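Scroll down for the structure; my scribbles are underneath it.
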Amino acid sequence: MRKFKLFLSLKAEEKWINLVQETGYRLVKVNPFLHIYTFKKLNSESDFNPYTRIDFHNENMNTNKYLDYVTMFSDSGWKLVYGSRHGGAQYFQQKNAQSPRDIFSDLESKNLPRKRFMDFAITYAILFFADLFVLIQAGYFSWRNLFDLKNWYLTPGLWNMQGSMFWKAFLFETPFALLRSVFFLFFLAMGIYYILKAIVNGNDVRDSLINNK
Numbered sequence: 043m044r045k046f047k048l049f050l051s052l053k054a055e056e057k058w059i060n061l062v063q064e065t066g067y068r069l070v071k072v073n074p075f076l077h078i079y080t081f082k083k084l085n086s087e088s089d090f091n092p093y094t095r096i097d098f099h100n101e102n103m104n105t106n107k108y109l110d111y112v113t114m115f116s117d118s119g120w121k122l123v124y125g126s127r128h129g130g131a132q133y134f135q136q137k138n139a140q141s142p143r144d145i146f147s148d149l150e151s152k153n154l155p156r157k158r159f160m161d162f163a164i165t166y167a168i169l170f171f172a173d174l175f176v177l178i179q180a181g182y183f184s185w186r187n188l189f190d191l192k193n194w195y196l197t198p199g200l201w202n203m204q205g206s207m208f209w210k211a212f213l214f215e216t217p218f219a220l221l222r223s224v225f226f227l228f229f230l231a232m233g234i235y236y237i238l239k240a241i242v243n244g245n246d247v248r249d250s251l252i253n254n255k
């Protein structure tokens with residue numbers, strides 16, 4: 043079974059994965075780029091249904107360091123479902139029923155992945171907004187153009203043309219107009235998306251400190 047799902051926080055993602063697993067499925071694969079989660083149905087109700095926990099790293103590790111990292115979790119009763127030494131979310135599952143229910147031993151270590159994720163989200167938000175600023179400064183697009191479709195087109199005198207001449211010029215430039223607007227809207231949407239991720243994960247850290255969990 044495959045499911046597509048977007049999340050703003052690691053806490054919400056982890057909770058959702060475990061809720062799906064409680065229905066008799068086990069997470070077996072994650073595609074973080076397409077946000078697709080693959081679950082395999084358990085053979086019977088007696089099959090061990092593990093908990094899944096998420097760690098997060100915003101830095102690259104060399105091969106040996108990453109192997110030590112995965113081995114450390116393995117020695118504690120957790121196996122890696124998906125992860126990369128280049129950073130990002132690392133998905134771990136209990137090996138058996140005797141494994142601890144959490145990969146973190148205290149509140150500080152539990153909040154560390156959320157803080158890393160927040161820093162990661164802020165960095166990407168800055169990058170996307172910087173790209174947006176470059177597009178605006180270079181004159182490829184402007185806030186005014188966003189709501190005036192006529193300004194998407196740069197052909198001089200286009201809207202004064204008539205008949206076949208207008209349609210030829212209009213149809214010729216439309217792909218370029220859409221391309222300019224798509225890039226603008228993409229950078230805007232992604233910037234907002236990562237800002238929201240940073241805010242939500244920051245709130246999760248604050249709430250955990252208040253509630254001590």
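Counting the sequence shown from 1 gives a position; this note's numbering is that position plus 42.
A virtual CB, placed ideally from N, CA and C, is assigned to each residue, including glycine.
If you're wondering where the values come from, they're calculated on a predicted model, not measured in any experiment.
Counting C-beta neighbours from all protein chains within 10 Å, is the total for residue i 16 or more, i.e. buried, or is it exposed?
i           : result
residue 167 : buried
residue 59  : buried
residue 206 : exposed
residue 53  : buried
residue 114 : exposed
residue 204 : exposed
residue 46  : exposed
residue 110 : exposed
residue 233 : buried
residue 246 : buried
residue 179 : exposed
How many whole angstroms separate the CB atoms of residue i and residue j, which I take to be in contact at a CB cut-off of 8 angstroms?
i           : j           : result
residue 156 : residue 243 : 5 angstroms
residue 194 : residue 219 : 4 angstroms
residue 225 : residue 191 : Their Cβ separation, rounded to whole angstroms, is 16 angstroms, which puts residue 225 and residue 191 out of contact at 8 angstroms.
Indicate whether residue i and residue j have their beta-carbon atoms separated by less than 8 angstroms.
i           : j           : result
residue 63  : residue 98  : no
residue 96  : residue 56  : yes
residue 68  : residue 102 : no
residue 230 : residue 174 : yes
residue 152 : residue 146 : yes
residue 83  : residue 70  : no
residue 100 : residue 119 : no
residue 236 : residue 170 : yes
residue 130 : residue 74  : yes
Where does residue i sit, in a helix, a strand or coil, going by DSSP?
i           : result
residue 197 : coil
residue 133 : strand
residue 161 : helix
residue 249 : helix
residue 178 : helix
residue 143 : coil
residue 235 : helix
residue 46  : strand
residue 34  : Residue 34 cannot be examined here, being either before or after the span of the chain that is shown, 43 to 255.
Among the options, which has the Cα closest to the Cα of residue i?
i           : options               : result
residue 240 : 189, 176 and 165      : 165
residue 48  : 65, 78 and 66         : 78
residue 50  : 86, 219, 163 and 84   : 163
residue 93  : 236, 86, 121 and 169  : 121
residue 105 : 126, 140 and 208      : 126
residue 117 : 172, 140 and 170      : 140
residue 65  : 86, 72 and 76         : 86
residue 134 : 112, 154 and 148      : 112
residue 185 : 108, 202 and 227      : 227
residue 217 : 181, 248 and 197      : 197
residue 223 : 248, 249, 200 and 188 : 188
residue 154 : 250, 107 and 214      : 250
residue 43  : 202, 89, 80 and 215   : 80
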